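2 protein chains.
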Amino acid sequence: MTAKRILVVEDEKAIRDMIAFGLRRAGYEVREAQDCREARARIVDTRPDLMLVDWMLPDMSGLELTRSLKRSKETEEIPVILLTARSEEQDKVSGLEGGADDYITKPFSPRELLARIQAVMRRAAPAGAADVLVADGLTLDDSSHRVSAGEREIPLGPTEYRLLHFFMTHPERVFSRGQLLDRVWGGNTYVEERTVDVHIRRLRKALEPFSLERLVQTVRGAGYRFSTRDA
Amino acid sequence: MTAKRILVVEDEKAIRDMIAFGLRRAGYEVREAQDCREARARIVDTRPDLMLVDWMLPDMSGLELTRSLKRSKETEEIPVILLTARSEEQDKVSGLEGGADDYITKPFSPRELLARIQAVMRRAAPAGAADVLVADGLTLDDSSHRVSAGEREIPLGPTEYRLLHFFMTHPERVFSRGQLLDRVWGGNTYVEERTVDVHIRRLRKALEPFSLERLVQTVRGAGYRFSTRDA
DNA sequence: TTCGAATGTGACAGTTGCGTGACGAGTTCA
DNA sequence: TGAACTCGTCACGCAACTGTCACATTCGAA
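Chains A and B supply the protein sequences, listed in that same order. So that you can map any letter, position 98 of the first sequence is 98 in my numbering, and since no number is skipped, the others follow by simple counting. So that you can map any letter, position 155 of the second sequence is 1155 in my numbering, and since no number is skipped, the others follow by simple counting.
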């Protein structure tokens, strides 16, 4: 897993440096911005995983920035933690109403900051909805992370599991190698397309002992398909 | 087992939010009230399993509220934990005399709060209603805080106990390290995710002499799972 | 049938994830 | 006060997993 990127929007350089220092030590990749205008530029070119935004900024309040981010489809999913100087109750209320995911009052300990960041990021990762998928004799229970044929469990590696999960949630459809890389591996990984073949092979091999390999079908010239109907 | 309901009675919104936030992340259902009047309304319509009551409230002191609750048949069984700003011995004494089940001074850590809540709920559980969890040869008796295999008791540290308890109340499900930190350690703590591994290890080690370590299973790339079915 | 392109398959080396023992700091209890 | 716990972190090592390659096989168009 690559390092998470955090964008720190804070006008006071001293504070910004301190925060950045602490975050880098904790293994995050840090980008900085002095004001809202610069923040917007950074958002576009670094696509941060989380933002720390000071309440008081020279050009526009952090709250307004947050609000406007949450209004845009592009940016609404980026979690925001607001930094405020005083623990004014009113601020907190409007901060959360404005769409911030958490707030923290200065002064704060590095540990507290890290705790909030971790908590917010965890929350941002949504819990899956569909739980038990069934196709022919094959069952995939996502909550227990088990795949089985009847009573017998089928051991799968992480990638094979994700691949099968994707297929079972999108049955009867052909996906090109490129599409599979996007949706199963994740948009910004670069691996050879033929790598997909290998994992298809591994998945089939795991299904073989149960004669279920026919569920994973090759569509020559197009890609692969998961289907209960025979090819 | 459905989620336990906790009613938080605290006038300062900031503190209330923080507490509620932590409790929700730990899996509780949280209701909030700003003062004693509102608290009474919530008690009636939500029947909480436990109450957290601030000492200083605008309309009536938390102590008085507690006293009056303990006088009524309807409400005397609801456990109450008092929150106070200072750790004055005097307060503590009168707090407990007033019928509170426990007492915690601000500031407190999320884990401390969770620990007290669990302890109080355990104590409050009616003696007869054995909340004993069993899985294979393993028994966890929450009322006596004992874990045993057959006749032999298994010694566990506090964290290992909470971990096992959480697992046994959520069997057959995979939890990531992050989720475990949320639900076992408490929502706002920052510790390395690998710390979970170490406690898993300690738990397994304690179960080893009874060949029960297989109940705690690793799901590579996903987290850990408690299951009686073999991996 | 033949040939080139697409796909299947086994092996390999680098990487990652997890298990494990050790250690220092902080707590609790006698 | 000191001994016994407990906790979080670290470093090391192994086993599982990953991506890539080379070679084999299959398919379809001509």
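Quick reminder that beta carbons are idealized off the backbone N, C-alpha and C, glycines included. These figures come from a predicted structure and were not determined experimentally.
Would you check if there are 3 or more beta carbon pairs closer than 8 Å linking the stretch 1071 to 1084 of chain B to the stretch 1150 to 1159 of chain B? no
8 Å Cβ cutoff, residue 199(A) in contact with chain B: no
Counting only runs that start and end within the stretch 134 to 208 of chain A, where is the alpha helix (DSSP H) found for 4 or more residues in a row? 158 to 169, 177 to 180, 194 to 207
Please report the straight-line C-alpha distance between residue 1129(B) and residue 1117(B), rounded to a whole angstrom. Note that residue 1129(B) has pLDDT 48, beneath the 50 cutoff, so the model's placement of it is unreliable and the number below is only indicative. Approximately 18 Å, taken between the alpha carbons.
Since I believe residue 1006(B) is in contact with residue 1030(B) (beta carbons under 8 Å), could you give me their beta-carbon distance rounded to a whole number of angstroms? 5 Å
Considering only DSSP beta bridges, list what residue 217(A) is partnered with. 225(A)
Residue 1145(B): which of 1010(B), 1049(B), 1137(B), 1162(B) sits nearest, CA to CA? 1162(B)
With distances taken Cα to Cα, identify the nearest neighbour of residue 39(A) among 143(A), 216(A), 23(A), 68(A). 68(A)
Could you pull out every residue in the same chain whose Cβ sits closer than 6 Å to the Cβ of residue 49(A), ignoring the five residues on either side in sequence? 4, 5
Cβ neighbour criterion (16 or more within 10 Å) applied to residue 188(A): exposed
Extent of the continuous alpha helix (DSSP H) to which residue 17(A) belongs: 13 to 25
Residue burial classification, residue 1051(B) (beta-carbon count within 10 angstroms, cutoff 16): buried
How about residue 1180(B) and residue 1196(B): do their beta carbons lie closer than 8 Å? yes
Interface flag, residue 1129(B) vs chain A, CB-CB below 8 Å: Confidence at residue 1129(B) is low in this model, with a pLDDT of 48, below 50, so its placement is unreliable and the value that follows should be read with caution. So no, residue 1129(B) is outside the interface.
Using a beta-carbon distance below 8 Å, is residue 1174(B) in contact with chain A? yes
Kindly indicate which residue of 222(A), 221(A), 216(A), 223(A) has the alpha-carbon position closest to the one of residue 279(A). The requested residue 279(A) does not occur in the structure, where chain A is confined to residues 1 to 231.
Strictly below 8 Å CB to CB, what residues from chain A border residue 1027(B)? Ordered by position in chain A, no residue passes the 8 Å Cβ test against residue 1027(B), which lies about 12 Å from the chain.
Could you give the DSSP three-state label for residue 1005(B): helix, strand or coil? strand
Residue 1035(B) versus residue 1018(B) - alpha carbon distance: 17 Å
Member of 1201(B), 1178(B), 1041(B), 1206(B) whose CA lies at the smallest distance from the CA of residue 1026(B): 1178(B)
Identify every run of the alpha helix (DSSP H) within the stretch 37 to 122 of chain A, keeping only runs that are complete inside it and at least 4 residues long; order them along the chain. 62 to 71, 89 to 97
Following the continuous beta strand (DSSP E) through residue 29(A), name the residue where it begins and the one where it ends. 29 to 33
Closest by CA to residue 1014(B), which one among 102(A), 32(A), 112(A), 11(A)? 102(A)
Going by C-alpha distance, which of 1059(B), 1047(B), 1200(B) is nearest residue 1175(B)? 1200(B)
In the stretch 1212 to 1227 of chain B, which residues sit with their C-beta less than 9 Å from some C-beta in chain A, listed in chain order? 1219, 1220, 1221, 1222, 1223, 1225, 1227
Shortest alpha-carbon distance to residue 9(A) belongs to which of 84(A), 209(A), 226(A)? 84(A)
If you measure from the beta carbon of residue 158(A) to each beta carbon in chain B, is any gap under 8 Å? yes
Given this structure, state the Cα-to-Cα distance separating residue 1193(B) from residue 1185(B), to the nearest angstrom. 11 Å
Against chain B: residues of the stretch 111 to 122 of chain A by CB proximity under 9 Å: 111, 112, 113, 114, 115, 116, 117, 118, 119, 121, 122
Cβ-based burial, residue 1110(B) [other Cβ within 10 Å; buried from 16]: buried
Which same chain residues end up closer than 6 Å to residue 219(A) when comparing Cβ atoms and leaving out the 5 residues on each side of it in sequence? 174, 225
Going straight from the alpha carbon of residue 1159(B) to that of residue 1228(B), what length do you get? 22 Å
Run the CB neighbour count on residue 28(A), radius 10 Å, all protein chains shown included, and call it buried at 16 or more, exposed below. buried
In angstroms with no decimal places, state the Cα-to-Cα distance between residue 1060(B) and residue 1165(B). 37 Å
Measure how close the beta-carbons of residue 57(A) and residue 131(A) come, nearest whole angstrom, since I'm counting them as under 8 Å. With a Cβ gap of about 44 Å, residue 57(A) and residue 131(A) do not count as contacting.
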